[in-house]
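**Q**
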């Protein structure tokens, strides 16, 4: 047979900085089960040869104040993740086939489109607060706006910026996946 198991887990990881490395592994709490549902997709027996498509649906209970459904979260010490595991049991002497995939749970607010409130910004040597020696900063002026300050994780952050006239060339920094900066000079 083919079984689907949906799991939602909350795991807390202690930091080795605050405790010793061995204490972190010994005292690490077990994950808390937030959600657990099991559905039988196909009864035990033989599947026909070739490719088989099995439709499935795993109902999630509604979020209530007593038992809320938490959004997916990956932090430094706390992780909330949801996974779907498919298990296909086989004959007595063979191991079952198991495949697992993580999926993301995100709550949509009642009004899914937040009000678009653009926010203007200006960057100049006077607006930089953590510069050690202001005399060494070159003259620059960057103005622009961000389209909205209420951002969704599933949508890009958009806006515009404009560099002031009469400035020296600007170097742009962009991090890549390998965390080595790519620094081309832009006119």
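Numbering (UniProt numbering), first residue to last: 1 to 187.
For every residue, glycine included, the Cβ atom is placed at its ideal position computed from N, Cα and C.
Confirm, please, whether the CB-CB distance from residue 78 to residue 12 is below 8 Å.
**A** Reading the chain shown from its first residue, position 12 is the one you call residue 12. Reading the chain shown from its first residue, position 78 is the one you call residue 78. Against a cut-off of 8 Å, the Cβ pair of residue 78 and residue 12 comes out as a contact.
**Q** Could you tell me the distance, in whole angstroms, from the CA atom of residue 105 to the CA atom of residue 84?
**A** What you label residue 105 is simply residue 105 of the chain shown in a count that begins at 1. What you label residue 84 is simply residue 84 of the chain shown in a count that begins at 1. Approximately 12 Å, taken between the alpha carbons.
**Q** Once the 5 residues before and after residue 147 are set aside, which same chain residues still bring their CB inside 7 Å of it?
**A** To locate residue 147, count along the chain shown from 1; it is residue 147. Closer than 7 Å at the Cβ level, and outside the excluded window around residue 147, lie 116, 118, 158, 159.
**Q** Near residue 56, which residues of its chain fall below 8 Å by C-beta distance, leaving aside the five closest residues on each side in sequence?
**A** Start at 1 with the first residue of the chain shown, and residue 56 comes out as number 56. These residues qualify, in order along the chain: 4, 39, 41.
**Q** What is the DSSP secondary structure of residue 70, counted as helix, strand or coil?
**A** Mapped onto the chain shown, residue 70 falls at position 70. Correct three-state label for residue 70: coil.
**Q** Can you give me the Cβ contacts of residue 163 inside the same chain, cut-off strictly under 8 Å, excluding the 5 residues immediately before and after it?
**A** As a working mapping, residue 163 is identified with position 163 in the chain shown. 140, 141, 142, 170.
**Q** Provide the residue(s) that pair with residue 80 in DSSP beta bridges, ordered along the chain.
**A** Along the chain shown, read from residue 1 onward, the residue named residue 80 stands at position 80. Note: residue 80 sits in a beta bridge opposite 10, 73.
**Q** From which residue to which residue does the beta strand (DSSP E) around residue 46 run?
**A** Looking up residue 46 in the chain shown gives position 46. Premise fails: residue 46 is in no beta strand (DSSP E) and is neither H nor E.
**Q** Return yes when the Cβ of residue 44 is within less than 8 Å of the Cβ of residue 89, no when it is not.
**A** Locating residue 89 in the chain shown gives position 89, where the first residue counts as 1. Locating residue 44 in the chain shown gives position 44, where the first residue counts as 1. Against a cut-off of 8 Å, the Cβ pair of residue 44 and residue 89 comes out as a contact.
**Q** Can you grab the Cα-Cα spacing for the pair residue 144 / residue 36, in whole Å?
**A** Locating residue 144 in the chain shown gives position 144, where the first residue counts as 1. Locating residue 36 in the chain shown gives position 36, where the first residue counts as 1. Looking at the two C-alpha atoms, the distance is approximately 47 Å.
**Q** If you count every other CB in all the chains shown that lies within 10 Å of the CB of residue 8, and 16 or more means buried, which is it?
**A** Taking the first residue of the chain shown as position 1, residue 8 is located at position 8. So residue 8 counts as buried.
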